[in-house]
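Worksheet: one structure, shown below.
Residue numbers (the working numbering): 802 to 1015.
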């Protein structure tokens, strides 16, 4: 599970999001359409990964814009996998930002998956690349530039530390085999902060190794 979890991370500004030359400012829940609000509510409370994809597919282009703009400022309200699911949508207007979202989502999703009592839930990590093929193709072109990669990893760590609030990790356990017959559970033996710190330390070590290889 640990090998290759970080991949590449591209730097990008997370201050504004522009679609077709129009800057959107839907940062308040009161401004969201009912359909978009329902997707956000279900994302944190009810939907597993497959239902999440279905919910996004039912949104109109404007609702997708609303959703993307909203979760940028309220990342704590949805499972981090939504950053992966929206990466290719963002790619159409901002490739670097799409890549950043993909790997922020991957890092945080991995942290949450590792909290599950049912370890079969970990298999979902293998599905993530299929959700953003355009973004990953773009990332593959950046692999040879170590300085670039170092900056990307650091930007991910910075984002992670600046957004400490997050949704409960049980969302990640809904794809475990046991979830078909029992309520998904977090492993009581695991401390969330320990898991988060371990992944952050792993990424920091990777940065240090890349710096020595320059």
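Note that beta-carbon positions come from the ideal geometry of N, C-alpha and C, so glycine has one too. Note that this is a predicted model, so its numbers are computed, not measured.
{"Query": "Neighbourhood of residue 888 by C-beta distance below 6 Å, restricted to the same chain and skipping five residues each side", "Result": "899, 902, 903, 933, 936"}
{"Query": "Validate contact between the stretch 868 to 881 and the stretch 914 to 927 using beta carbons, cut 8 Å, 3 pairs", "Result": "no"}
{"Query": "Integer Cβ distance of residue 1000 from residue 940, believed to fall under 8 Å", "Result": "Rounded, the Cβ-Cβ distance is 19 Å, inconsistent with contact."}
{"Query": "Proximity to residue 995 [Cα-Cα], best of 971, 913, 954, 928", "Result": "913"}
{"Query": "Nearest-angstrom beta carbon gap, residue 881 and residue 906 [assumed within contact, 8 Å]", "Result": "5 Å"}
{"Query": "Where the alpha helix (DSSP H) containing residue 977 begins and where it ends", "Result": "Per DSSP, residue 977 belongs to no alpha helix (DSSP H) and is neither H nor E."}
{"Query": "The alpha helix (DSSP H) enclosing residue 870, as first and last residue numbers", "Result": "862 to 874"}
{"Query": "Residue 849 beta carbon less than 8 Å from that of residue 976", "Result": "yes"}
{"Query": "Span of the alpha helix (DSSP H) around residue 843", "Result": "835 to 846"}
{"Query": "Bounding residues of the alpha helix (DSSP H) (the contiguous stretch that carries residue 905)", "Result": "896 to 914"}
{"Query": "Beta-carbon separation (whole angstroms), residue 985 vs residue 971, contact threshold 8 Å", "Result": "5 Å"}
{"Query": "Inter-residue spacing [alpha-carbon to alpha-carbon] between residue 918 and residue 980", "Result": "11 Å"}
{"Query": "Segments assigned alpha helix (DSSP H), at least 4 residues, entirely inside the stretch 943 to 971", "Result": "947 to 963"}
{"Query": "Test item: CB-CB of residue 853 and residue 844 under 8 Å", "Result": "yes"}
{"Query": "Residues bridged to residue 987 [DSSP beta-bridge criterion]", "Result": "917"}
{"Query": "Outcome for residue 870 when other beta-carbon atoms lying within 10 angstroms are tallied against a minimum of 16", "Result": "buried"}
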